[in-house]
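In the numbering used here, the protein residues as written are 827 to 1053.
Note that the Cβ used here is the ideal one computed from N, Cα and C, for glycine as well.
Reading through the structure tokens given below for one structure.
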């Protein structure tokens, strides 16, 4: 169940929400939107290794705040704030697993270029629509999610990297459709990439060994070498 059953249930409930649940009544729509996230948080908890460290708890807290963002995004700034807090927890967790590599470090360049492009397009559209109060929250969010993506890349954890990249793609589609121009089937694209992103971030938890496990592994290796 833990290995295959729960991921299958998450997939089924995500498909049901994306393709089958109607827009009204809103309460039912919101309920089914949150069910995959509840299951993903449970899946994340099941990924905990025997010896836990800060990264494991920080990522689960990030998932929780993103779930709050899901439920409150109908009030845009409230939902955006919850997602921003979630990304800060993700970034904090990923930064505890920093694994320096020049190639990964230089990924900040394309991330910054893309962020500047998206920020410029979104701010221009927001100004044109007269929603000046959204400019600072949107810029803050772009900055934080870009940091989150870069910090995930710096871990070298492929699950975290892919999940964070899909999160950026999902939010890019959402914001572009909301502020710049309509995207065909935007709802399907947003939620497909979003649920996949959260699932992969949850999956990344198992790949982060705690210091205790790393020390134990090193000790076992040294013992076998000197036998």
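Item	Value
Option in 1013, 925, 968 and 950 with minimal Cα separation from residue 977	925
Residue 1010, buried or exposed, once every other Cβ within 10 Å from all chains shown has been counted against 16	exposed
Between the CA atoms of residue 839 and residue 956 - distance to the nearest angstrom	38 Å
Proximity winner among 953, 1028 and 971, relative to residue 998 (alpha-carbon distances)	971
Local Cβ density within 10 Å of residue 959, reported as buried at 16 or more and exposed below that	exposed
Counted within 10 angstroms of its Cβ, other Cβ atoms place residue 939 as buried (16 or more) or exposed	exposed
Buried or exposed by the 16-neighbour rule on C-beta atoms within 10 Å, applied to residue 845	exposed
Other residues of its chain near residue 949: CB distance less than 8 Å, five sequence neighbours each side excluded	961, 964 and 965
Same chain, Cβ closer than 6 Å to residue 1041, five either side skipped, listed in chain order	With a pLDDT of 43 at residue 1041, under the threshold of 50, the modelled position of that residue is not reliable, and no figure is offered here.
Simplified DSSP assignment, three categories, for residue 947	helix
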